[in-house]
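Participant: Please find one structure pasted underneath; my questions will follow.
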Amino acid sequence: DQWETIQIGDIIFDLSKACTRCTVISVDQETGVIDKERDKNPLKVLARYRNSPKGILFGQYMVHKTEGRIAVGQHLTVLKKRENLS
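Throughout, our numbering is defined as the position within the sequence shown, counted from one, plus 212.
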């Protein structure tokens, strides 16, 4: 929640705001099929500490400032943190 600017590989991203849960955590990454049982457990856990009036917060909206490729195994570096969280 405190990250404002990050870098993955050569790409720099600005993180604008938290977003509600997307369906990625409900999809079996091997098959691409939505797993109904998997969908229930993460929501229960996330709801304990990530609930907001808009829904269960899970991700961040990001805008890339530079171009490039992201690959498995690349490091993520936090370049700037937010000073005040509201």
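Backbone N, C-alpha and C define an ideal beta-carbon position, used for all residues, glycine too. If you're wondering where the values come from, they're calculated on a predicted model, not measured in any experiment.
(1) Where does ALA283 sit, in a helix, a strand or coil, going by DSSP?
(2) What residue from ARG233, GLY221, GLN214 has the CA that sits closest to VAL284's CA?
(3) Taking 8 Å as the threshold, find out whether the segment 225-238 comes into contact with the segment 266-278 through three or more Cβ pairs.
(4) At which residues does the beta strand (DSSP E) containing THR217 begin and terminate?
(5) Here's a check: name, in chain order, each residue in its chain whose Cβ is nearer than 8 Å to the Cβ of ALA259, leaving out the five neighbours to either side.
(6) If distances are taken between C-alpha atoms only, which option among VAL290, ASN296, ILE223 comes closest to LYS277?
Facilitator: Checking against the coordinates, here is how it stands:
(1) In the displayed model, ALA283 falls within coil according to three-state DSSP, outside both helix and strand.
(2) Of the candidates ARG233, GLY221, GLN214, GLY221 places its Cα closest to the Cα of VAL284.
(3) Yes, the segment 225-238 is in contact with the segment 266-278.
(4) 215-220 is the span of the beta strand (DSSP E), which, as asked, contains THR217.
(5) Within the same chain, ALA259 has close Cβ partners ILE268.
(6) Ranking the options by Cα distance to LYS277, first place goes to ILE223.
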